[in-house]
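One structure is given here, and the rest of the page talks about it.
Protein chains: 2
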Amino acid sequence: MTEQQPRARRGRPGHDRAAVLAAAVALFIRKGYDATTIDDIAKSLGVTKSAVYHHVDSKEELLSAALAEALDELDATVAAATQADGPATERLHEAVRRSVEVLVAHQPAVTLLLRVHGNTATEVAALERRRRIDRALAGLVRDAVEERGLRGDLDPDVVSRLLFGMVNSLVEWYRPTGPVSGEQLAQALTALAFEGLDAR
Amino acid sequence: MTEQQPRARRGRPGHDRAAVLAAAVALFIRKGYDATTIDDIAKSLGVTKSAVYHHVDSKEELLSAALAEALDELDATVAAATQADGPATERLHEAVRRSVEVLVAHQPAVTLLLRVHGNTATEVAALERRRRIDRALAGLVRDAVEERGLRGDLDPDVVSRLLFGMVNSLVEWYRPTGPVSGEQLAQALTALAFEGLDAR
DNA sequence: GTCTATAAAGCGATAGAC
DNA sequence: GTCTATCGCTTTATAGAC
């Protein structure tokens, strides 16, 4: 996301690895990883398969790079929430808010992460990293319930699944270019989750 | 789901269409539709590819059957909530409760529906039916806000996405054989959504 | 950096025997 | 109801020219 536009040179496209990755991720999301062929990626860039293989070694490498981007961001979010001082309830609020920000800023990569099946070693490793993140967030919810910051009549593990299930569902519809800003979205989600939808 | 167990006959497995469908759906969920081969389905039943083709005409037909099951159930839920009498807020509560029930009772089929990409005509048609369902539920949320049954400071369309995004996320983790019953789950989800997580 | 050509393997689907 | 054998096509990936 740092640079783009291969500064159209007239004649040969002249793509680089980042351009191939971006094109691949867009197609992985639209068609699914397995249904996307190297030829699809090549055609979307206006080149042939061989040109794509000049920039990357394999199709799986493209998936791996996208998953690493998502996992690194989510790891940082969890680390911040786990290591910070203060009540667990406040740290949970912050973790939810930051998670929404990550999903908004890295929507393509996170979308792929949430759709991984575990068909290859790359995918299994990503699923394991994701499980660690989920466990850490569930621990935060438990702590918040124990310090009586959250209602105590609901199972903390179920609450954690529902809460972050709602957060993760954002990737299915939210687009930063739409009418809702990332901040509005985080506000609406935390309001729904912590205060509820009932009219006051 | 009406009958099962091909009443083990000793020797030839003797499968039927329902057994092939069940095996296929389980693999579609575990590996993804595109990554699942007819040979995978055959091997999971202990037969060869040709035996599978004796029961079904194509791989896509198996997906189509599962998607129809999910869509028929969700259509019925929406129809009940739309046509019932009474305040929209009460009908929304009921729609959420029934949606959870459908996801629990038809988890495999609904999981596939939520993962459809639109790569074939079958998938595009399923996505269109699903969009109609989502629109109807969003209309219910709007009506509930208008009659002041739900808080008015949040965008109804965003609320609808978040609420049913949370419901749909159930397919990613909930298993009827686990420690949480379907009723407990519906209770926890409606409590979170309408009352919120904050300690009273 | 991109091309043509091709190797090697996998996949959906069918034919015909038992 | 299941088998072996095979067709025809697609796909990942590589070799070598420009």
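Those protein sequences? They're chains A and B, same order as listed.
With UniProt numbering, the residue at position 123 of the first sequence is 123, and numbering never jumps.
With UniProt numbering, the residue at position 33 of the second sequence is 33, and numbering never jumps.
The C-beta atom is built at its ideal place from N, Cα and C for all residues, glycine as well.
DSSP-derived helix/strand/coil call for residue i
i       : result
L163(B) : helix
L112(A) : helix
L154(A) : coil
D85(A)  : coil
D75(B)  : helix
D40(A)  : helix
D143(A) : helix
D134(B) : helix
R7(B)   : With a pLDDT of only 42 at R7(B), under the threshold of 50, the placement of this residue in the model should not be trusted; the figure read from the coordinates follows. Looking at R7(B) - three-state DSSP - the assignment turns out to be coil, as it is neither helix nor strand.
Residues near residue i in its chain [Cβ-Cβ closer than 8 Å; skip 5 each side]
i       : result
L127(B) : V116 and G118
A84(A)  : R91 and E94
A8(A)   : Annotation note: pLDDT 44 at A8(A) (below 50); position unreliable, coordinate value reported separately. The answer is none, since no qualifying residue turns up.
L114(B) : N168 and V171
M166(B) : L189, L192 and A193
Buried or exposed (CB count within 10 angstroms, at least 16 for buried), residue i
i              : result
R175(B)        : exposed
residue 236(B) : Within the shown structure, residues of chain B are numbered from 1 to 200, placing residue 236(B) beyond reach of any answer.
S160(B)        : buried
G86(B)         : exposed
S50(A)         : exposed
G32(A)         : buried
E183(B)        : exposed
G178(A)        : exposed
A81(A)         : buried
A105(B)        : exposed
A66(A)         : buried
A121(A)        : exposed
Same chain, Cβ closer than 6 Å to residue i, five either side skipped, listed in chain order
i       : result
V78(A)  : I133 and A136
V124(A) : G118
A191(B) : none
R98(A)  : T77
T36(B)  : L27 and F28
R17(B)  : H55
R129(B) : L71
Close-in-space but distant-in-sequence residues of the same chain around residue i (CB under 7 Å, 5 per side omitted)
i       : result
A74(A)  : Note that residue 74(A) is Leu in the sequence shown, not Ala. Result list for L74(A): V102 and I133, in chain order.
I29(B)  : P108, T111 and L112
A88(A)  : L140, D143, A144, E147 and G149
A23(A)  : I41, S44 and L45
P13(B)  : P6, L45, G46 and V47
E69(B)  : H106 and A109
D155(A) : none
Any non-hydrogen atom of the ligand GTP within 7 Å of residue i CB
i       : result
V171(A) : With respect to the ligand GTP, the structure offers nothing, as it holds no ligand at all.
**Message:** Under 8 Å, CB to CB, which of the residues in the stretch 142-161 of chain B have a partner in chain A?
**Reply:** R148, G149, L150, R151, G152, D153, L154, D155, V158, V159 and R161
**Request:** Tell me, please, whether the stretch 150-160 of chain A touches the stretch 52-72 of chain A by the rule of three or more beta-carbon pairs shorter than 8 Å.
**Result:** no
**Asked** Taking any Cβ of chain A, which residues in the stretch 42-64 of chain B have a Cβ under 8 Å from it, in chain order?
**Response** none
**Message:** Check whether the stretch 40-49 of chain B and the stretch 174-188 of chain B touch, using three or more Cβ-Cβ pairs below 8 Å as the test.
**Reply:** no
**Request:** Return the residues of the stretch 94-109 of chain A that lie within a Cβ-Cβ distance of less than 9 Å from chain B, sorted by chain order.
**Result:** none
**the stretch 125-138 of chain A: positions lying closer than 8 Å to chain B by Cβ** = none
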